[in-house]
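Asker: Got a structure for you, written out below as structure tokens; questions coming shortly.
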Amino acid sequence: MTDAPAVSVVLPAKDEAVALGTLLPAIAEVLSDTPHEIVVVDDGSSDDTAAVVRALAADLAQIRLLRHRHACGQSAALRSGVEAARGALIVTLDADGQNPPENLPRLIAPFAAGDPTLGLVQGQRMKRQDTLAKRLASRAANALRGRLLKDGVRDSGCGMKAFPRAVYLRLAYFDHIHRFMPAMVRREGYRIEVVDVTHAERQGGASKYTNLGRALVGAVDLLGVVWLLNRRRLPQLRDD
Numbered sequence: 001m002t003d004a005p006a007v008s009v010v011l012p013a014k015d016e017a018v019a020l021g022t023l024l025p026a027i028a029e030v031l032s033d034t035p036h037e038i039v040v041v042d043d044g045s046s047d048d049t050a051a052v053v054r055a056l057a058a059d060l061a062q063i064r065l066l067r068h069r070h071a072c073g074q075s076a077a078l079r080s081g082v083e084a085a086r087g088a089l090i091v092t093l094d095a096d097g098q099n100p101p102e103n104l105p106r107l108i109a110p111f112a113a114g115d116p117t118l119g120l121v122q123g124q125r126m127k128r129q130d131t132l133a134k135r136l137a138s139r140a141a142n143a144l145r146g147r148l149l150k151d152g153v154r155d156s157g158c159g160m161k162a163f164p165r166a167v168y169l170r171l172a173y174f175d176h177i178h179r180f181m182p183a184m185v186r187r188e189g190y191r192i193e194v195v196d197v198t199h200a201e202r203q204g205g206a207s208k209y210t211n212l213g214r215a216l217v218g219a220v221d222l223l224g225v226v227w228l229l230n231r232r233r234l235p236q237l238r239d240d
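Taking UniProt numbering, I'd label the letters of the sequence shown as residues 1 to 240.
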């Protein structure tokens with residue numbers, strides 16, 4: 001591949017060998033009419049994630065593999081992938097198979113109009129295939145986040161997102177930023193669109209978060225984002 005693709009699909013992955021075996025070919029099929037690349041960032045996996053990706057890349061040239069020497073977290077893996085991406089438009093989804101690739105065209109479509117003010121298309125999961133405890137914890141966290149950040153979305157934790165690479169690289173970086181991207185994108189003066197996406201059961205592997213762990217880390221991060229939002233005032237140029 002010599003020409004830059006239109007779309008770069010970035011997949012942070014940790015111990016997702018089972019899911020990636022079917023997910024990557026499915027992404028390639030869904031985007032077969034769109035020049036694209038698939039950037040998998042192996043975040044210190046202890047399973048066969050890298051081997052699976054390399055085997056698939058032998059037949060699908062658009063697949064690229066990046067590897068962290070040790071686990072750095074989802075946000076760090078996302079940033080590594082975006083920095084390495086060659087496409088102007090980035091699309092992300094979780095590597096566990098819970099974000100069906102059939103939703104990808106829905107995320108990409110709003111950018112076809114070429115609106116420079118559009119900074120993020122955020123997926124929101126319909127009929128979530130998670131445990132009741134996880135759904136309730138997520139609902140409570142989203143309600144609190146929405147109340148404090150007023151970011152205009154109900155499911156900022158959904159891994160399905162599309163955004164210009166240049167917009168992402170303008171954002172202040174911190175660990176777990178992937179959970180607060182709508183607020184951070186609005187902070188830079190861009191607008192957001194929300195699209196409904198389907199949700200599936202996890203395809204192997206195990207969740208990297210517990211409800212308690214997510215809540216404790218999320219509370220600290222939320223306060224940090226509130227602090228950031230209160231210290232940002234976009235300059236406005238005079239007409240004269």
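Where a beta carbon is used, it is the ideal one built from N, C-alpha and C, also for glycine.
1. Applying the criterion that 16 or more other CB atoms from any shown protein chain within 10 Å of the CB defines a buried residue, is alanine 58 buried or exposed?
2. Could you give the first and the last residue of the continuous beta strand (DSSP E) run that contains glycine 81?
3. For the stretch 45-55 against the stretch 110-125, do three or more pairs of beta-carbon atoms, one drawn from each stretch, fall closer than 8 angstroms, so that the two count as touching?
4. Who are the near neighbours of arginine 54 in its chain, counting only those whose CB is closer than 7 angstroms to its CB and skipping five residues on each side?
5. If you compare alpha carbons, which of Leu107, Leu171, Ile177 is closest to tyrosine 190?
6. How far does the beta strand (DSSP E) with arginine 165 in it reach, from first residue to last?
7. Quick one: what's got a C-beta closer than 8 angstroms to proline 25's C-beta in the same chain, skipping five residues either side?
8. For the beta strand (DSSP E) that isoleucine 63 lies in, which residues bound it at each end?
9. On a CA-only basis, which of Trp227, Ser156, Ala4, Arg238 is nearest leucine 89? Give me that one, please.
10. Looking at the unbroken beta strand (DSSP E) that takes in valine 121, where does it start and where does it end?
11. Buried or exposed for phenylalanine 111, going by 16 or more other Cβ atoms inside 10 Å?
12. If you count every other CB in all the chains shown that lies within 10 Å of the CB of lysine 127, and 16 or more means buried, which is it?
13. Which residue marks the beginning of the alpha helix (DSSP H) containing proline 12, and which one marks its end?
14. Which residues in the same chain as leucine 23 place their Cβ atom closer than 6 angstroms to its Cβ, once the five residues preceding and following it in sequence are excluded?
15. What's the gap between the Cα of proline 182 and the Cα of valine 225?
16. In whole angstroms, what separates the C-alpha of alanine 76 from that of arginine 231?
17. Report all residues from its chain with a CB closer than 8 angstroms to the CB of glycine 73; omit the five preceding and five following residues, and keep chain order.
18. How would you call glutamine 70, buried or exposed, if buried means at least 16 neighbouring beta carbons within 10 angstroms?
19. By Cβ distance below 7 angstroms, which residues in the same chain neighbour arginine 86 in space, the five residues on each side in sequence not counted?
20. Considering Cα atoms alone, identify which of Ile27, Ala28, Leu107, Leu93 is closest to aspartate 196.
21. Assuming arginine 191 is part of the beta strand (DSSP E), what are its boundary residues?
22. Among residues of its own chain, excluding the 5 on either side of arginine 165, which ones have a beta-carbon nearer than 8 angstroms to its beta-carbon?
23. How would you label glycine 114, buried or exposed, when you count the other beta carbons within 10 angstroms and need 16 or more for buried?
Answerer: A quick look at the data gives this:
1. exposed
2. Boundaries around glycine 81 are those of the alpha helix (DSSP H), 74-84, since no beta strand (DSSP E) includes it.
3. no
4. Leu65
5. Leu171
6. No beta strand (DSSP E) contains arginine 165, which is instead part of the alpha helix (DSSP H) from 165-168.
7. Leu56, Leu60
8. Annotation for isoleucine 63: the continuous beta strand (DSSP E) segment containing it runs 63-68.
9. Proximity to leucine 89 across Trp227, Ser156, Ala4, Arg238 peaks at Ala4, based on C-alpha coordinates.
10. According to the DSSP assignment, valine 121 belongs to the beta strand (DSSP E) that extends over 118-125.
11. buried
12. Label assigned to lysine 127: exposed.
13. Here proline 12 belongs to no alpha helix (DSSP H); instead the beta strand (DSSP E) covers 7-13.
14. Gly97
15. Straight-line measurement puts the Cα of valine 225 at about 11 angstroms from the Cα of proline 182.
16. 24 angstroms
17. These residues qualify, in order along the chain: Asp43, Asp175, His176.
18. According to the sequence provided, residue 70 is histidine. The question's glutamine does not apply to it. Histidine 70 should be labelled exposed.
19. These residues qualify, in order along the chain: Ala4, Pro5, Ser8, Glu37.
20. Leu107
21. From DSSP, the beta strand (DSSP E) with arginine 191 extends over 191-197.
22. Ser8, Val82, Ala85, Gly87, Ala88, Leu89, Ile90, listed in sequence order.
23. exposed
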